[in-house]
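Anchor point for the sequence shown: position 47 equals 69 in our numbering, and the numbering is continuous, going up by one each time.
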Amino acid sequence: MEESQTPVLDVLLHPVRWRIVQRVLGRELTTTDLKRDLPDVPTTTLYRHVAALIDAGYLTVVRERKVRGTTERTLTLDQTKVGRIDEREARAMTPEQHRQAFLMLLTRLAADFDRVIDTGDLYPRLHQLGYSQLALYLDDHDMTTFRQAFADLVAPYLAESPGKDRIVMSVFSLPDS
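Laid out in C-alpha cells, this is it:
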C-alpha cells in the first residue's frame, strides 16, 4: 500500500480505532478510562489498537504513572491530524473507502446521540445541542478561506479546560451538483 494511504486507511478506518479516537477527541484519557468507555472491546484488543494509534502518531502519551505494578498511560489526540483527510489522502482513496469512512462517522454520531438520549442527559443540556444543514455558495478560493476562518474560529476551544463542557461538533461539506 502506498505511504499516502497508510494513515487513514490502515489506521483510522478500523472501527475500534475510530471509536478510541472519538473517545479521546478533545481531552486526555487514561487507558483505564478507555476500558470503561468501551466495555465491549476486550482489553488486549484495546491495548493493541491504542498502540497502533500511538505508532501512527495520532495518539500521544502525555503522562505515565505506576499503578499496582503496571504503567498507566494518559493519552491525548492531535485534533488537527484527524479532523480532516488531506487532499492527497482523499485522492488515494476509492469511492468505497470514502463511503466506509463517512458511514463510520455517521454511525458514531448516531451512537453518541443515542447515548445522550438514553442517559437522560438531553434536556438539561438542550442548549448545547444543534443540528442543521445550510447551502453555501463558494468557489475554490472561498472554500479555502472559509476552512481557514473556521479553523481559526474553533482553535481556542480545542483544549480541555476546567469548568467547560465537552461538546463534539461534526461539520460536513458536500458538493451539490
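Beta carbons: idealized from backbone N, C-alpha and C, even for Gly. Only a predicted model underlies this, so the values are computations on that prediction, with no experimental measurement involved.
CB-CB length for V84 against T93, believed under 8 Å: Position 62 of the sequence shown holds residue 84. Position 71 of the sequence shown holds residue 93. V84 to T93, Cβ: 13 Å. No contact.
Beta strand (DSSP E) runs wholly inside the stretch 25–95, at least 3 long, in chain order: 81–89
Among I189, A132, I107 and P64, the one whose alpha carbon lies nearest that of V33: Position 11 of the sequence shown, counted from the start, is the residue given in the question as residue 33. Comparing Cα-Cα distances from V33 to each of I189, A132, I107 and P64, the minimum goes to I107.
In angstroms with no decimal places, state the Cα-to-Cα distance between R49 and R130. If you number the sequence shown from 1, residue 49 lands on position 27. If you number the sequence shown from 1, residue 130 lands on position 108. Per the coordinates, the alpha-carbon of R49 lies some 18 Å from the alpha-carbon of R130.
I believe Q101 touches L180 by the beta-carbon criterion, under 8 Å. Please report the beta-carbon distance rounded to the nearest angstrom. As a working mapping, residue 101 is identified with position 79 in the sequence shown. As a working mapping, residue 180 is identified with position 158 in the sequence shown. With 8 Å as the limit, Q101 and L180 qualify as a contact, their Cβ atoms being about 5 Å apart.
Between the alpha carbons of T67 and L81, how many angstroms are there, rounded? For the purposes of this step, residue 67 is identified with residue 45 of the sequence shown, where counting begins at 1. For the purposes of this step, residue 81 is identified with residue 59 of the sequence shown, where counting begins at 1. Approximately 16 Å, taken between the alpha carbons.
Need the endpoints of the alpha helix (DSSP H) that P178 sits in, please. Working through the sequence shown from its first residue, we reach residue 178 at position 156. That residue, P178, is in no alpha helix (DSSP H); it is neither H nor E in DSSP.
Are L35 and M126 close, meaning C-beta to C-beta below 8 Å? Residue numbering aside, residue 35 sits at position 13 when the sequence shown is read from its first letter. Residue numbering aside, residue 126 sits at position 104 when the sequence shown is read from its first letter. Result yes, Cβ atoms of L35 and M126 sit closer than 8 Å.
So, are the CB atoms of R95 and T141 less than 8 Å apart? Here residue 95 refers to the residue found at position 73 when the sequence shown is read from its first residue. Here residue 141 refers to the residue found at position 119 when the sequence shown is read from its first residue. Not closer than 8 Å, so no.
R41: buried (16+ other C-beta within 10 angstroms of its C-beta) or exposed? As a working mapping, residue 41 is identified with position 19 in the sequence shown. It is buried - the Cβ of R41 has at least 16 other Cβ atoms within 10 Å.
Residue(s) in a DSSP beta bridge with T98: What you label residue 98 is simply residue 76 of the sequence shown in a count that begins at 1. BP columns for T98 point to T82.
Are there 16 or more other CB atoms within 10 angstroms of the CB of Q170, so buried, or fewer, so exposed? Within the sequence shown, numbered from 1, the residue matching residue 170 stands at position 148. Exposed: under 16 other Cβ atoms inside 10 Å.
Can you list, in chain order, the residues of its chain with a C-beta nearer than 6 Å to that of I189? Leave out the 5 residues immediately preceding and following it. Within the sequence shown, residue 189 is the residue found at index 167, counting from 1. So the list reads Q150, once near-sequence residues are dropped.
Status (buried if at least 16 other CB within 10 Å, exposed otherwise) for V138: Indexing the sequence shown from 1 puts residue 138 at position 116. Classification for V138: exposed.
Where R169 falls: helix, strand or coil (DSSP): If you number the sequence shown from 1, residue 169 lands on position 147. Note: R169 maps to helix in three-state DSSP.
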